[in-house]
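A.B. asks: Protein sequences appear in the order of chains A and B. When we follow my numbering, the leftmost residue of the first sequence carries the number 74, and every step to the right adds one. When we follow my numbering, the leftmost residue of the second sequence carries the number 74, and every step to the right adds one. Right, I'll just put the structure down here and ask away after.
There are 2 protein chains.
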Amino acid sequence: MSREAAFIDGLRMLAGHQAARGLLDDAAVLEVGGEALVLTHDMLVEGIHVLPGQDAADIAWKLVATNLSDLAAKGAEPVGVLLGHMLGDDDECFLLGLAQVLGRYGVPLLGGDTVAGGSPRSWGLTAIGRATHRPVPGRSGALPGDGLWVTGELGAALLGFEALRDGTGADSAAYRRPLPLLAEGRALAPLVTAMMDVSDGLLLDSWRLAEASEVSIAIDTAAVPIATPESRRLQALSWGDDYQLLFSLPPGTQPPVPATQIGQVEQRGFVPLFVDGQPIANAEGLGWQHN
Amino acid sequence: MSREAAFIDGLRMLAGHQAARGLLDDAAVLEVGGEALVLTHDMLVEGIHVLPGQDAADIAWKLVATNLSDLAAKGAEPVGVLLGHMLGDDDECFLLGLAQVLGRYGVPLLGGDTVAGGSPRSWGLTAIGRATHRPVPGRSGALPGDGLWVTGELGAALLGFEALRDGTGADSAAYRRPLPLLAEGRALAPLVTAMMDVSDGLLLDSWRLAEASEVSIAIDTAAVPIATPESRRLQALSWGDDYQLLFSLPPGTQPPVPATQIGQVEQRGFVPLFVDGQPIANAEGLGWQHN
């Protein structure tokens, strides 16, 4: 086990049984005064999660949008955010992007911290939401017999990343300004048995859903809508940043939002994931690992 | 106005009127299901808030303790924390310190994020608490006629910092492992008109309390208990990291915890702060500015 994996395991032990299934992947659910609050915290690091020199307005957008996407996967409506910001030369742009994304989703800035720093800069955001449906959907509820579904198309963020990196002038919005599917998450929450957002690649995130639910998942890659050319299908399914919703529905249930069935949930076999019938024994290389 | 100040002003505008008085200083208060939640987020940056090469167990302790201190100043009991962690070679030590501080205060780790990074590393922590008294104490309630009080001694963290920096072998625990005054904050919350923790120096934080409350504060420096030699009294009152509680009480009210009256709240004069009768017109140099 790598040192990183050992550390994350240590955090999971600290967090105890309830959170252990999802800590550092899934948002936390906290019961307060008869409400279920959903809490999530994500960091972005320059050079790792955002390109060096990327427009700070886009960084602010992505920082907020990725956390709101975690709320969307819980069917939660945002209540507010706390910002951890490392000051830089482009703070005016950051502020603009922050105002845009908070305004777009009607989310108040509740507080936070600003610090001096250096390169690489980093940012943190905590988003707080209110669950709209109980039980709050998680990764662990998928049942054998369920269908596996996904919203939208995969690979759009990959194309956007390449356009931005290479300066081709092609549309890079899917990478720079992802759209958290808050309304879709709320509509799906009462129906799904499990749900998560696709932040690290469809195949890796499907693996995680299978692991959390103690089932096997069989994916039919040809069924997955992709934004890339056909020749790049597997890459589109292994690339992160699309922030579509991945969910399981009981047999016969139709989703109330546009979505595509891409596979089946099965009794746990000898591996968590089957891709076009091939057993996948190891998550290595399936997608974007979490650091 | 500096670019930093302009940015923070921009954030305050984004946060709207209610949070504007305290944003990025004070913890946020959120009404949820009949409860008042208190939310705070602080970052630590290597080389700025912690010494380069400082024991990661102490970094973890301080990261949690400083956020719990913000809850203490609201009379809130901790409900949980979310961690933003940049991975490094000393993660095992970090985990140990994290387990120690969470265990000491009985606070669950709810979730968070781990990221790869570089130097300088940074860490973020969001602490969530439940207010034990309404109205929740803030910085803005001090009234002319109130006494100004502080718990404990100031300057202990300064001595601890010097001991650690210079490797003298003297006790550095006050700097490395501050103790959030959670029980004291809860005992004081029903009685105080305003309260905050002293994170950036007694004089600067008194200035901020006066500004938020739209009053003037007169401090008698000789009355302040200090941990340093008498010759370093002013330095002890300008140094941060002590995490004592600073609060105002109506005349005649005695605090239920050990504390010392160090000044008076007065009608707003031409400056917010008087130190031994001298008017202070500018916060510059009063303490540790917030980045």
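For each residue, glycine too, the CB sits at the ideal point set by N, CA and C. Given the structure is predicted, the values throughout are model-derived calculations rather than measurements.
#1: Shortest alpha-carbon distance to residue 360(B) belongs to which of 314(B), 182(B) and 138(B)?
#2: Need the endpoints of the alpha helix (DSSP H) that residue 259(B) sits in, please.
#3: Contact check, residue 137(A) vs residue 175(A) under 8 Å by CB: the rounded distance?
#4: Looking at C-beta atoms only, is the number of pairs between the segment 202 to 219 of chain A and the segment 338 to 348 of chain A that lie closer than 8 Å three or more?
#5: Rounded to whole angstroms, what is the Cα-Cα separation between residue 331(B) and residue 350(B)?
#6: Taking C-beta pairs closer than 8 Å, name the residues in chain B that residue 88(A) reaches, listed in chain order.
#7: Would the segment 343 to 357 of chain B and the segment 279 to 287 of chain B be scored as touching if the rule is three or more Cβ pairs under 8 Å?
#8: In the DSSP assignment, find the beta strand (DSSP E) that holds residue 349(B) and state where it starts and stops.
#9: Provide the residue span of the alpha helix (DSSP H) that contains residue 238(A), from first to last.
#10: For residue 206(B), list the residues DSSP reports as bridge partners.
#11: Rounded to whole angstroms, what is the Cα-Cα separation between residue 243(A) and residue 234(A)?
#12: Interface residues of chain E around residue 115(A) at Cβ under 7 Å?
#13: Which first and last residues belong to the beta strand (DSSP E) in which residue 344(A) is found?
#14: Using only the alpha-carbon positions, how far apart do residue 346(B) and residue 145(B) sit?
#15: Under 7 Å between the Cβ atoms of residue 225(A) and residue 148(A)?
#16: Counting contacts by CB-CB distance shorter than 7 Å, is residue 195(A) in contact with chain B?
#17: Among the candidates 299(A), 302(A) and 317(A), whose CA atom is the shortest distance from the CA of residue 252(A)?
#18: For residue 310(B), decide whether its Cβ has a neighbour in chain A, counting only Cβ atoms nearer than 7 Å.
#19: Please look up how many angstroms separate the CB atoms of residue 247(A) and residue 329(A), rounded, as I've assumed it's under 8 Å.
#20: Please classify residue 241(A) as buried or exposed, where buried requires at least 16 other C-beta atoms within 10 Å of its C-beta.
#21: At 4 residues or longer, and completely inside the segment 137 to 199 of chain A: list those alpha helix (DSSP H) runs for me, N to C.
#22: Count the CB pairs spanning the segment 182 to 189 of chain A and the segment 171 to 190 of chain B that are closer than 8 Å, and state whether there are at least three.
#23: Quick test of your reading: residue 163(B) and residue 189(B), contact by CB under 8 Å. State the CB separation rounded to the nearest angstrom.
#24: Would you tell me roughly how many angstroms separate the C-alpha atoms of residue 238(B) and residue 307(A), rounded to the nearest one?
#25: List the residues of chain A whose Cβ lies closer than 7 Å to the Cβ of residue 199(B), in chain order.
C.D. replies: Let's see:
#1: 314(B)
#2: 255 to 261
#3: 7 Å
#4: yes
#5: 26 Å
#6: 181, 182, 183 and 184
#7: yes
#8: Residue 349(B) -> no beta strand (DSSP E), and no H or E assigned at all.
#9: 229 to 239
#10: BP columns for residue 206(B) are empty, so no partner.
#11: 10 Å
#12: The displayed structure is made up of protein chains A and B, and chain E is not among them.
#13: Neither: residue 344(A) is in no beta strand (DSSP E) and is coded neither H nor E.
#14: 24 Å
#15: no
#16: yes
#17: 317(A)
#18: no
#19: So it is not a contact: roughly 24 Å between Cβ atoms.
#20: exposed
#21: 164 to 178
#22: no
#23: Not quite, the Cβ-Cβ distance comes to about 15 Å (not below 8 Å), so this is no contact.
#24: 53 Å
#25: 114, 155 and 199
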